[in-house]
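FYI, in our numbering the residues of the sequence shown are 903 to 1107.
Beneath this line is the structure, given in structure tokens, with notes to follow.
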Amino acid sequence: MFAASLLLLPTAAAFVLGSLYGPGVHASLNPGNEITTASNSIFQSDTFSAAGAIGSLAGDKRDPAIITGKWSLDVQDGAVAGFSTNLTMVNASGRDYRTVELSNLSSAEVIMDANGTAHITGVVALTIDGTEKLSGVHATISLVKFRALNMTLSEPDYLTEPIYGATDPQEQTVAATSDIMNEGSGIFGSITEKFRLPQLPNPFK
């Protein structure tokens, strides 16, 4: 029996290491909403946050508008808790330089589809060049498989084409909540926990 136990030790060790370093991490506290992250990990959640960069082209291909910036999104219990985007725009010829800030995403609806994409619709406020303000701008945002950002705005006319961005792997976090137990209950304390994507190397590669 003792010898058999010794033979099983390498298998057990491999299982533990595989759990720690394997690419597939699954949180199933809240079934029904799957999010596939940039590391191909799948989380079941309606609470998540993400941030990243924007890089897009719009307008005339002979002199396109170059759009760069940063974005962040926070969803709590299926509702948008925070959203901000800061854009810098300039044409390839160097003309029409401007900055655009998006904030106060409201009247928002969050829908998670089966492939792990979050679809968000609502209205945002825009501040252009720090002074000009637009309110009630309709926005449609898709966080595709938790990797790519697709965003469209109803106005102004120079921002109605799709705006594209990517999720920063360093900023991706996902929280899973349970509908069965109250937050903070159970022997492990709070069951609402943020999961940062593993940055450790995989020893099995």
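Built from N, CA and C at the ideal position, the CB exists for glycine as well.
Every value quoted in this text rests on a predicted model; they were computed, and no experiment measured them.
Item to complete: Would you grab the beta carbon distance between Thr1001 and Thr990 for me? Rounded to a whole angstrom, and I think it's under 8 Å.
Response: Counting from one through the sequence shown, the residue named residue 1001 turns up at place 99. Counting from one through the sequence shown, the residue named residue 990 turns up at place 88. Sure, about 6 Å apart at Cβ, within 8 Å.
Item to complete: Compare the beta carbon distance of Leu1061 and Leu975 with 8 Å and say whether it is the shorter of the two.
Response: As a working mapping, residue 1061 is identified with position 159 in the sequence shown. As a working mapping, residue 975 is identified with position 73 in the sequence shown. Taking 8 Å as the cut-off, the Cβ atoms of Leu1061 and Leu975 do not count as close.
Fill in: Which of helix, strand or coil DSSP assigns to Tyr999
Start at 1 with the first residue of the sequence shown, and residue 999 comes out as number 97. DSSP places Tyr999 in coil when its eight states are reduced to three.
Worksheet item: Taking just the CA atoms, how far does Ile1043 sit from Asp1015?
Response: One-based indexing of the sequence shown puts residue 1015 at position 113. One-based indexing of the sequence shown puts residue 1043 at position 141. When rounded, the separation of the alpha-carbon atoms in Asp1015 and Ile1043 is 13 Å.
Worksheet entry | Pairwise C-alpha distance: Ala994 and Ala1041 | Counting from 1 along the sequence shown, the entry for residue 1041 is found at position 139. Counting from 1 along the sequence shown, the entry for residue 994 is found at position 92. Taking the Cα positions, Ala1041 is about 26 Å away from Ala994.
Item to complete: Kindly give me the distance between the Cβ atoms of Val1025 and Ser1008, rounded to whole angstroms, as I take these residues to be in contact under 8 Å.
Response: One-based indexing of the sequence shown puts residue 1025 at position 123. One-based indexing of the sequence shown puts residue 1008 at position 106. About 6 Å separates the beta carbons of Val1025 and Ser1008, which is inside the 8 Å limit, making them a contact pair.
Item to complete: Compute the Euclidean distance between the alpha carbons of Thr1029 and Gly984, then round it to the nearest angstrom.
Response: The sequence position of residue 1029 within the sequence shown is 127, counting from 1. The sequence position of residue 984 within the sequence shown is 82, counting from 1. Thr1029 and Gly984: Cα-Cα distance of roughly 17 Å.
Practice prompt. Check whether the Cβ atoms of Ile956 and Val982 lie closer than 8 Å to each other.
Written response: Residue 956 sits at position 54 when you count from the first residue of the sequence shown. Residue 982 sits at position 80 when you count from the first residue of the sequence shown. In terms of Cβ geometry, Ile956 and Val982 do not form a close pair [threshold 8 Å].
Worksheet item: DSSP on Asp1059, reduced to helix/strand/coil?
Response: On the sequence shown, position 157 is the one that residue 1059 refers to. Here Asp1059 carries a helix assignment [DSSP, helix/strand/coil].
Item to complete: Using DSSP bridges, identify the partner residues of Gly954.
Response: Along the sequence shown, one-based indexing puts residue 954 at 52. Answer is Trp973, Thr1069, bridged to Gly954.
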